[in-house]
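The structure appears right after this line, and notes come after that.
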Amino acid sequence: MSLSARANILSRLRAGLGKSSPLTKGSDQGSVAHYNWSESEKIEHFIEVISGVKGEVHRVSESNWPEAVQTLLSDRGIDRLLVSEEKQTGKRLIGSTLELIPTTGFDERKDELFFSIPASLTTAQSAIAETGSLVLWPDEQEPRSMSLVPPVHLVLLRAQDIHGTLADVIRAEGWARGMPTNALLISGPSKTADIARILAYGAHGPKELIILLVS
Amino acid sequence: MPDLFVNAMPDQTGSDEPHAEQPYTTNSHARVYPSRPEKIYLYGNCLIDLLQPEAGLDALKLLEREGIEVVFPEQQTCCGQPAYTSGYDDEARTVARMQMDIMSEEWPIVILSGSCGGMMHHHYPSLFKGLPEEQQAKYFASRVFEFTEFLVHILNYQPEDQGNHQTVAVHTSCSARREMNVHKTGWLLIDSLKNVVRKVHDHEFECCGFGGSFCVRYPDISGAMVNDKVKAITDIKPDRLISADYACLMNINGALDFQGYELKGTHIASYLWERTSKQAAGENNA
Amino acid sequence: MPEQIPMQNLSFNQRVDRDLNNPALRTHFREAMDFLMDKRSHSFTDDEKLQSLRELGSSIRKRALSKLPDLLEQLENKLRDNGIRVHWAESSKEANQIVLDIAQHHGAKTMIKGKSMVSEETELNECLEQEGIHPVEADMGEYILQLAKEKPSHIVMPAIHKSKEDIAKLFEQNLDDCEYTEDVDTLIQAARKELRKQFHSADIGLTGVNFMVAETGSLVLVENEGNGRLATTVPKVHIAMTGIEKVTEYLDDLPPLLTLLTNSATGQAITTYVNIISSPRKGGEGGPEEVHLVLLDNGRTIPFADEEMRQTLQCIRCAACMNHCPVYTRLGGHAYGATYPGPIGSILSPHLLGLEATKDLPSASSLCGACSEVCPVKIPITDLLRRLRHEGVRKLKKDEEPVIRGHGAKYTHTEKLAWGSWSKLYSSPALYRTFAFSASMMRGLTPSKMKGWTDYRTTPKPAEKSMHALIKQHRKARKGEPL
Chain A
-12 MSLSARANIL
-2 SRLRAGLGKS
8 SPLTKGSDQG
18 SVAHYNWSES
28 EKIEHFIEVI
38 SGVKGEVHRV
48 SESNWPEAVQ
58 TLLSDRGIDR
68 LLVSEEKQTG
78 KRLIGSTLEL
88 IPTTGFDERK
98 DELFFSIPAS
108 LTTAQSAIAE
118 TGSLVLWPDE
128 QEPRSMSLVP
138 PVHLVLLRAQ
148 DIHGTLADVI
158 RAEGWARGMP
168 TNALLISGPS
178 KTADIARILA
188 YGAHGPKELI
198 ILLVS
Chain B
188 MPDLFVNAMP
198 DQTGSDEPHA
208 EQPYTTNSHA
218 RVYPSRPEKI
228 YLYGNCLIDL
238 LQPEAGLDAL
248 KLLEREGIEV
258 VFPEQQTCCG
268 QPAYTSGYDD
278 EARTVARMQM
288 DIMSEEWPIV
298 ILSGSCGGMM
308 HHHYPSLFKG
318 LPEEQQAKYF
328 ASRVFEFTEF
338 LVHILNYQPE
348 DQGNHQTVAV
358 HTSCSARREM
368 NVHKTGWLLI
378 DSLKNVVRKV
388 HDHEFECCGF
398 GGSFCVRYPD
408 ISGAMVNDKV
418 KAITDIKPDR
428 LISADYACLM
438 NINGALDFQG
448 YELKGTHIAS
458 YLWERTSKQA
468 AGENNA
Chain C
848 MPEQIPMQNL
858 SFNQRVDRDL
868 NNPALRTHFR
878 EAMDFLMDKR
888 SHSFTDDEKL
898 QSLRELGSSI
908 RKRALSKLPD
918 LLEQLENKLR
928 DNGIRVHWAE
938 SSKEANQIVL
948 DIAQHHGAKT
958 MIKGKSMVSE
968 ETELNECLEQ
978 EGIHPVEADM
988 GEYILQLAKE
998 KPSHIVMPAI
1008 HKSKEDIAKL
1018 FEQNLDDCEY
1028 TEDVDTLIQA
1038 ARKELRKQFH
1048 SADIGLTGVN
1058 FMVAETGSLV
1068 LVENEGNGRL
1078 ATTVPKVHIA
1088 MTGIEKVTEY
1098 LDDLPPLLTL
1108 LTNSATGQAI
1118 TTYVNIISSP
1128 RKGGEGGPEE
1138 VHLVLLDNGR
1148 TIPFADEEMR
1158 QTLQCIRCAA
1168 CMNHCPVYTR
1178 LGGHAYGATY
1188 PGPIGSILSP
1198 HLLGLEATKD
1208 LPSASSLCGA
1218 CSEVCPVKIP
1228 ITDLLRRLRH
1238 EGVRKLKKDE
1248 EPVIRGHGAK
1258 YTHTEKLAWG
1268 SWSKLYSSPA
1278 LYRTFAFSAS
1288 MMRGLTPSKM
1298 KGWTDYRTTP
1308 KPAEKSMHAL
1318 IKQHRKARKG
1328 EPL
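Line order of the protein sequences matches chains A, B and C. As numbered in this note's numbering, residues -12 to 202 make up the first sequence, in order. As numbered in this note's numbering, residues 188 to 473 make up the second sequence, in order. As numbered in this note's numbering, residues 848 to 1330 make up the third sequence, in order.
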């Protein structure tokens, strides 16, 4: 709004710094923890941490995961699934007993999204062993509300995509070169302890987070 | 259970028996200690001087018994902390300067209070930063040792307990804990008394509410803190309460007395003297 | 809880009196702070690693502040390239006006809010309501407070002072079809249901920001509930509000800061959601069509100008300092009378509000140092409290510019004189030697307050002989008759 606010703030900051010279990354002290985890240790650690915050992990294979999805949902009495048929997730479920709900055009289908879709299945781009986090970069086929609005969120994760730490992911995937509209780390189902410090799940986001770990 | 918090923070907030195997390793910020000196300065602190002078005398006797020549500079007054924490830097400097001047020889300065120690070791260098006395303040600060720190790290003192069985609650001052990092040396000394059992009280790591001028400026907040401290200590029914800081003891003792408890905290110098001198231990038990 | 009285009507001491003498509140805060301290200490189990991580966190924040104006310009350029609009506000009033203008431009009637302490600082809700726009707080804690018409008492867990019973009653009175229940799951589901409706229909989403990354032009939001994600995903417009100090230089700086923030705040290795926003929607991936960022100064440039006090701005708002503060534990957050309570509030509020209005805050601390010890970015909080005390009682030299608004607010001639006499006494051994401990002297230092000591304690009695005298006597005796 006001150009003068910007100029005033910046000039106060510059005056405040005076002639002091800026610090560089090279002069940083201290360090973060490093891990020398093997592939299997990363997987074990990821499972341990995310299970600790009520993420449900199922180890599946490339061939049997569609079957696992159907079983998990039918166990919950769910027969409809929000999933993209453009992605491998949806393609592999075509012809299953599940009714597949298309993932595009949500602007016109807000009521349906908010009040009637029971579950969704998305792909995880990668994951983080240290903190038990899934990394999601929502896109046109898997919009960001898919992992947020339905009460049950299923995620397909490939074991080889589990990295050690967030710093490892940022480097390995070259995040600094270009960030997507929205990058997400998801570590468990939505929760709150705002009432008397008692933990309750399903505050605003999914009540259940189910990970299909493919290896 | 992780050892460690250099400092401070509790492994848990409730009370518990101290761990028998608790390692007393000092942390990564540990000082490099000089070898055993022949001569030291003994610094009482103004509250001990006026209110619990026996602690000063007991410290002196104990150090002399260990073969240390103790110099007690007669001109010593106060470290300057009351003015410093109230924001009166000039007034604090005037007093601090005098303490530095009267203890200018190279001997270690042994202080009977963690908070005065913290003032001299930790804050003198910043108080004189950019002033002509800066180097003097740094050199002075490097020679300052809290009493229990000196006993453990420099004298390697091993008390020979002559007393009867007693349970003890220990209160460590926040400055001793966080500025001098010497809370463990007090525990170590108490734990090395073979007939003494140290009991941990609820929220032992927490401030007693003294805080210098804080306790008179905000008496109700301070009062709430000291009342909680008194409750935590009396809940574990220790035979004795020991602290290396008389300022905290003045606060806690005042509240104990106010509430009608017989328990009265003792300075660790007096307690160590009492436990290790046959005569004194006998007197106490009589 | 007694009925909330607007805090500007009570003095600090009156608020202290009110809250200290509320046994339920005292018990509640003790338990809550113990809970949070335990959480933190169980998540940082290796002290050596913790100290090294704190060192790094401090370096990252110091580095960002050392080039803050450049980073803000870099951030602004990046955000603009990404399609996010940046606004600058010098004061709360300006910030609120910016938000209001955006809302009115879109003809907005409702605004759904993720948790934002900066919007508490600017009192945005009051401003919106005056203009007929209905703000709805969606963070569960903030939602509870909005129903109760109260202010946050903690910066991470805003409704930590409310009991389950308080909340059950509030929901019964305010939510449709919500019967009285103390079952927390049921209560949360009731709020979820209500707030879903609000998310569904809100015109604008407003949130705070935890970190901004200059390198990539990203806004980072950290939360467990999903309210922040909904507020930044569902409405057509998202407005983020934050202080100018929240920027970091590189994306690589983010992981250590996140680790420090969540572990220090709640003992979590990470929160459920870390939401990194770098542009408005580009296509069908959803999200708002417009994203705005409001950068707020509101007094932050004041401590920035002083190298020592600049460290105040390293804060990443984890609240560990208040969780570990024995004073905060006993008072709770409302007694401080400012948006940011506890130790960080006591060093920040004087800059935001001026020392005149906050002169008790730096003094109402025993300087125990628990705050500095746990601060994840190593802000020397006790040193800064003392510095503010110094600025509060210091007279400016000729031609000297004050470093803070309300400089010298605590100066009184009587106290200055008293410390002058104290200094003379304690720097003159002869005077000191003849000085007998006198209550009148103590009274001179803190007029009329000595009484406070004896409300809780008996008066210490001077010993018959001083340590000086005892040692002299001991030495004489030894000369005569060696022990």
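All C-beta atoms, glycine included, are put in the ideal place defined by N, C-alpha and C. Since the model is a prediction, treat every value here as computed from it, not as a measurement.
Self-check item: Test: Gly1253/C CB closer than 8 Å to a CB of chain B
Solution: Within the third sequence, residue 1253/C is the residue found at index 406, counting from 1. Not closer than 8 Å to any Cβ of chain B, the Cβ of Gly1253/C fails to qualify, so no.
Quiz item: Using 8 Å as the Cβ pair cut-off and three pairs as the minimum, do the region 1048 to 1058 of chain C and the region 954 to 974 of chain C touch?
Solution: yes
Quiz item: Around the C-beta of Ile1228/C, are 16 or more other C-beta atoms found within 10 angstroms, so that it is buried, or is it exposed?
Solution: By one-based count along the third sequence, residue 1228/C stands at place 381. Buried, since its Cβ has 16 or more Cβ neighbours within 10 Å.
Quiz prompt | Residue-level contact to chain B via CB, Tyr1183/C, 8 Å cutoff | solution = In the third sequence, the residue the question calls residue 1183/C occupies position 336. Not one chain B Cβ lies under 8 Å of Tyr1183/C.
Quiz prompt | Within 8 Å, strictly: CB atoms of Ile249/A and Val142/A | solution = Residue 249/A lies beyond the stretch modelled for chain A, which goes from -12 to 202, so this question has no answer here.
Quiz prompt | Contacting residues, own chain, Cβ-Cβ under 8 Å from Asp1023/C (five flanking each side not counted) | solution = What you label residue 1023/C is simply residue 176 of the third sequence in a count that begins at 1. Excluding the 5 residues flanking it on each side, Asp1023/C has same chain C-beta neighbours closer than 8 Å at Glu1041, in chain order.
Self-check item: Span separating the alpha-carbon of Glu31/A from that of Asn1110/C
Solution: Position 44 of the first sequence, counting from 1, holds the residue named residue 31/A. Position 263 of the third sequence, counting from 1, holds the residue named residue 1110/C. Using only the alpha carbons, I get a separation of about 22 Å.
Quiz item: Going by other Cβ atoms of all chains shown within 10 Å of its Cβ, with 16 needed for buried, is Gln1161/C buried or exposed?
Solution: The residue you call residue 1161/C lines up with position 314 of the third sequence. Burial state of Gln1161/C is buried, judged by a 10 Å Cβ sphere holding 16 or more other Cβ atoms.
Quiz item: Does the region 68 to 78 of chain A come close enough to the region 13 to 23 of chain A that 3 or more CB-CB pairs lie under 8 Å?
Solution: no
Quiz item: Quick one: does Asn23/A have its CB under 8 Å from some CB of chain C?
Solution: Here residue 23/A refers to the residue found at position 36 of the first sequence. No, because no Cβ of chain C sits closer than 8 Å to the Cβ of Asn23/A.
Exercise. Could you check how far apart the C-beta atoms of Lys819/C and Gly1239/C are, in whole angstroms? I think they sit under 8 Å.
Key: Summary: the structure shown does not reach residue 819/C, with chain C confined to residues 848 through 1330, and so no result is reported for it.
Quiz item: Does any residue of chain C bring its CB to less than 8 Å from the CB of Ser273/B?
Solution: Taking the first residue of the second sequence as 1, we reach residue 273/B at position 86. By this cut-off, Ser273/B is an interface position.
Self-check item: Against chain A: residues of the region 1062 to 1076 of chain C by CB proximity under 7 Å
Solution: Glu1062, Thr1063, Ser1065, Asn1071, Glu1072, Gly1073, Asn1074 and Arg1076
Quiz item: According to the neighbour-count rule (16 or more other Cβ atoms, all chains shown, within 10 Å of its Cβ), is Ser906/C buried or exposed?
Solution: Here residue 906/C refers to the residue found at position 59 when the third sequence is read from its first residue. Looking at its Cβ environment, which holds 16 or more other Cβ atoms inside 10 Å, Ser906/C is buried.
Quiz prompt | Ala(-6)/A burial status per 10 Å Cβ neighbour count (16 or more: buried) | solution = The sequence position of residue -6/A within the first sequence is 7, counting from 1. Within a 10 Å sphere around the beta-carbon of Ala(-6)/A sit fewer than 16 other beta-carbons, which makes this residue exposed.
Quiz item: Any idea which residues DSSP pairs Asn169/A with across the strands?
Solution: As a position in the first sequence, residue 169/A is number 182, starting the count at 1. Bridge partners of Asn169/A: Ile1124/C.
Quiz item: Which residues of chain A have a Cβ atom closer than 7 Å to the Cβ of His1047/C, listed in chain order?
Solution: Walking along the third sequence from the start, residue 1047/C turns up at place 200. Result: Lys97 and Phe101.
Quiz item: Interface residues of chain B around Met1156/C at Cβ under 7 Å?
Solution: Position 309 of the third sequence holds residue 1156/C. Residues of chain B passing the Cβ test: none, with the nearest at roughly 14 Å.
Self-check item: Buried or exposed (CB count within 10 angstroms, at least 16 for buried), His1008/C
Solution: On the third sequence, residue 1008/C is found 161 positions in, with the first residue counted as 1. Note on His1008/C: 16 or more other CB atoms within 10 angstroms of its CB, so buried under the neighbour-count rule.
Quiz item: What are the boundary residues of the alpha helix (DSSP H) that includes Ile341/B?
Solution: Here residue 341/B is taken as the residue at index 154 of the second sequence, counted from 1. That residue, Ile341/B, is in no alpha helix (DSSP H); it is neither H nor E in DSSP.
Self-check item: Assigned secondary structure, Gln353/B (DSSP; H/G/I helix, E/B strand, else coil)
Solution: Along the second sequence, one-based indexing puts residue 353/B at 166. Reduced to three states, the DSSP call for Gln353/B is strand.
Quiz prompt | Through-space distance from Cys395/B to Ser1212/C, alpha-carbon basis | solution = Locating residue 1212/C in the third sequence gives position 365, where the first residue counts as 1. Locating residue 395/B in the second sequence gives position 208, where the first residue counts as 1. Roughly 12 Å separates the two Cα atoms.
Quiz item: Pick from Ala154/A, Ser8/A, Leu0/A and Ile149/A: whose alpha carbon is nearest that of Ser25/A?
Solution: Here residue 25/A corresponds to residue number 38 of the first sequence, with the count starting at 1. The shortest Cα separation from Ser25/A among Ala154/A, Ser8/A, Leu0/A and Ile149/A belongs to Ile149/A.
Quiz item: Mind checking whether Ile81/A and Ser134/A have CB atoms under 8 Å apart?
Solution: Translated into the one-based positions of the first sequence, residue 81/A becomes position 94. Translated into the one-based positions of the first sequence, residue 134/A becomes position 147. Going by C-beta atoms, Ile81/A is not nearer than 8 Å to Ser134/A.
Self-check item: the region 125 to 143 of chain A: positions lying closer than 9 Å to chain C by Cβ
Solution: Pro125, Asp126, Glu127, Gln128, Glu129, Pro130, Arg131, Ser132, Met133, Ser134, Leu135 and Val136
Quiz item: Using DSSP with H/G/I as helix, E/B as strand and the rest coil, what is Trp935/C?
Solution: What you label residue 935/C is simply residue 88 of the third sequence in a count that begins at 1. Of the three classes helix, strand and coil, the one that applies to Trp935/C here is strand, per DSSP.
Practice problem: Using three-state DSSP, classify Met290/B as helix, strand or coil. | Solution: For the purposes of this step, residue 290/B is taken as the residue at position 103 of the second sequence. DSSP, reduced to helix, strand and coil, places Met290/B outside both helices and strands of the structure shown, so it counts as coil.
Self-check item: Coil, strand or helix - Leu1022/C by DSSP
Solution: Translated into positions along the third sequence, residue 1022/C becomes position 175. Reduced to three states, the DSSP call for Leu1022/C is coil.
Exercise. Check the Cβ-Cβ distances between Tyr211/B and every residue of chain C, and say whether any is below 8 Å.
Key: The count along the second sequence starts at 1 and reaches residue 211/B at position 24. Confidence is the limiting factor: at Tyr211/B the pLDDT is only 36, short of 50, which leaves the residue's position unreliable, though a coordinate-based value still follows. Answer no: the Cβ-Cβ gap between Tyr211/B and chain C never drops below 8 Å.
Quiz item: Taking the alpha-carbon positions, what's the Gly13/A to Thr1176/C distance?
Solution: One-based indexing of the first sequence puts residue 13/A at position 26. One-based indexing of the third sequence puts residue 1176/C at position 329. The alpha-carbon atoms of Gly13/A and Thr1176/C are separated by roughly 40 Å.
Self-check item: Neighbourhood of Glu321/B by C-beta, 6 Å cutoff - its chain only, sequence neighbours within 5 removed
Solution: Translated into the one-based positions of the second sequence, residue 321/B becomes position 134. Answer for Glu321/B: Phe315, listed in chain order.
Quiz item: Beta-carbon of Cys1215/C versus every beta-carbon of chain B: anything under 8 Å?
Solution: Against the third sequence, residue 1215/C aligns to sequence position 368. True, the Cβ-Cβ gap to chain B drops below 8 Å.
Quiz item: Since Trp1300/C meets chain B, which of its residues come closer than 8 Å, beta carbon to beta carbon?
Solution: If you number the third sequence from 1, residue 1300/C lands on position 453. Result: Cys402, Val403, Pro406 and Gly441.
Practice problem: Can you grab the Cα-Cα spacing for the pair Ile37/A / Ile198/A, in whole Å? | Solution: The count along the first sequence starts at 1 and reaches residue 37/A at position 50. The count along the first sequence starts at 1 and reaches residue 198/A at position 211. Going by the C-alpha atoms only, they are around 9 Å apart.
Quiz prompt | Same chain only: Cβ atoms within 7 Å of Lys41/A, ignoring 5 sequence neighbours per side | solution = In the first sequence, counting from the first residue as 1, residue 41/A sits at position 54. Excluding sequence neighbours, Lys41/A sits near Gly175, Pro176 and Tyr188.
Quiz item: Is it the case that the CB of Ala1265/C approaches a heavy atom of the ligand ATP more closely than 7 Å?
Solution: Annotation note on the ligand ATP: not contained in the displayed structure, which lists no ligands.
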